[in-house]
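Read the structure below first, then the notes.
In the UniProt record's numbering, the protein residues as written are 1 to 313.
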């Protein structure tokens, strides 16, 4: 009776506080009972979110390829802007490459004691391919930062800017490749069926350039010192790759430079068919591995950071 009378004498605010505590305990017990099911729901939501993000990244790549008119036009515009108001225009690309090849051919044929008739075609083809490869990698490092205006003011797929780099350098390759038939005729090399291999080999080459370039572009947009590092590394890689020298000129342990240099296989992929030989099986194996590895690294990277690229500009 005493306890009941004391409880009845409690002020109104105490009754309200007790009711709030009772409601809180009931709510906590209900939440505790649903922890496992809620945990499963959260995991499912995270999985669906990751799948959606990855799906959007794949859709970006697909849409970018389908919009080939857009990135082709951007590539052509880049070339026109580079040689605007020039009398020779795009012919300067061919002239510059030709002068470089002749100068290097004269000097290195003497230094390496090579027959100019065989060394000059080897150097010319290697230098044209290397210029294409190096430009793809270096230009990819600024693919997003150099297109900041488009990225900030349009909703075009991000992959378009990598395809723009590839398209631009394919045009430059076409201009430089004009020299190759002349040096092959100079060497007296006949035309053979091996030239057909250039089509699948070029597709494999471009597949690597696309995935590797996309990954490089993302990293270089986030870390602005990387483009300078890549540019310097490519200059060093030029001398470590069989562009001006032949693999058979190396002996002993030094030959490992060719074995462990991925650029050696990329060069051989496009150079061998022009000299009437098929690339070695290990060339196809290594280049295919490079494509798969670059795609395996780049796709998750692009899926996770695709939406942040515009905020890094």
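Think of the CB as a built atom: it goes at the ideal place given N, C-alpha and C, for glycine as much as any other residue.
Problem - Rounded C-alpha distance that separates residue 325 from residue 76 - result: Only positions 1 to 313 of the chain appear in the structure, and residue 325 is not among them; the question remains open.
Handout entry: Contacting residues, own chain, Cβ-Cβ under 7 Å from residue 98 (five flanking each side not counted)
Key = Within the chain shown, residue 98 is the residue found at index 98, counting from 1. Closer than 7 Å at the Cβ level, and outside the excluded window around residue 98, lie 179.
Practice task
Could you pull out every residue in the same chain whose Cβ sits closer than 6 Å to the Cβ of residue 216, ignoring the five residues on either side in sequence?
Solution key: Reading the chain shown from its first residue, position 216 is the one you call residue 216. If we look at residue 216 and ignore the five residues flanking it on each side, its Cβ neighbours are 140 and 141.
Problem - Opening and closing residue of the alpha helix (DSSP H) in which residue 77 lies - result: On the chain shown, position 77 is the one that residue 77 refers to. Element bounds for residue 77: 68-82.
Practice task
Run the CB neighbour count on residue 307, radius 10 Å, all protein chains shown included, and call it buried at 16 or more, exposed below.
Solution key: On the chain shown, position 307 is the one that residue 307 refers to. Label assigned to residue 307: exposed.
Exercise for the section: Report yes if the C-beta distance between residue 94 and residue 175 is below 9 Å; otherwise report no. Expected result: Taking the first residue of the chain shown as position 1, residue 94 is located at position 94. Taking the first residue of the chain shown as position 1, residue 175 is located at position 175. Yes. Within cutoff.
Practice task
Put residue 244 into one of helix, strand or coil per three-state DSSP.
Solution key: Taking the first residue of the chain shown as position 1, residue 244 is located at position 244. Looking at residue 244 - three-state DSSP - the assignment turns out to be coil, as it is neither helix nor strand.
Problem - alpha helix (DSSP H) runs wholly inside the region 190-249, at least 4 long, in chain order - result: 198-222 and 226-240
Practice task
Just confirm the distance between the C-beta atoms of residue 290 and residue 126, as a whole number of angstroms; I'd bet it's less than 8 Å.
Solution key: For the purposes of this step, residue 290 is taken as residue 290 along the chain shown, with counting starting at 1. For the purposes of this step, residue 126 is taken as residue 126 along the chain shown, with counting starting at 1. Rounded, the Cβ-Cβ distance is 19 Å, inconsistent with contact.
Problem - residue 114, enclosing alpha helix (DSSP H) - first and last residue - result: As a first step, residue 114 is located in the chain shown; it is residue number 114 there, counting from the start. Run containing residue 114: none; DSSP gives neither H nor E here.
Exercise for the section: Could you please give the first and the last residue of the uninterrupted alpha helix (DSSP H) stretch that includes residue 269? Expected result: Taking the chain shown and counting its residues from 1, one reaches residue 269 at position 269. Here the alpha helix (DSSP H) through residue 269 covers 262-271.
Exercise for the section: If I'm right that residue 124 touches residue 101 with Cβ under 8 Å, what's the distance once you round it to whole angstroms? Expected result: On the chain shown, residue 124 is found 124 positions in, with the first residue counted as 1. On the chain shown, residue 101 is found 101 positions in, with the first residue counted as 1. The Cβ separation is near 5 Å, so the contact holds.
Practice task
Starting from the C-beta of residue 145, find all residues in its chain whose C-beta is less than 7 Å away, skip the five residues before and the five after it, and write them out in chain order.
Solution key: As a first step, residue 145 must be located in the chain shown, where it is residue number 145. The answer, listed in chain order, is 221 and 313.
Handout entry: Inter-residue spacing [alpha-carbon to alpha-carbon] between residue 23 and residue 210
Key = Here residue 23 corresponds to residue number 23 of the chain shown, with the count starting at 1. Here residue 210 corresponds to residue number 210 of the chain shown, with the count starting at 1. Its pLDDT being 46, under 50, residue 23 is placed unreliably in this model, and the value from its coordinates should be taken loosely. Between residue 23 and residue 210, the C-alpha separation is close to 59 Å.
Practice task
Could you check if residue 298 is buried or exposed, using at least 16 other CB atoms within 10 Å of its CB as the buried criterion?
Solution key: As a position in the chain shown, residue 298 is number 298, starting the count at 1. Buried is the call here.
Practice task
Alpha carbon to alpha carbon, how far is residue 204 from residue 169? Give it in angstroms, no decimals.
Solution key: Numbered from 1 along the chain shown, position 169 holds the residue referred to as residue 169. Numbered from 1 along the chain shown, position 204 holds the residue referred to as residue 204. Whole-angstrom Cα-Cα distance: 16 Å.
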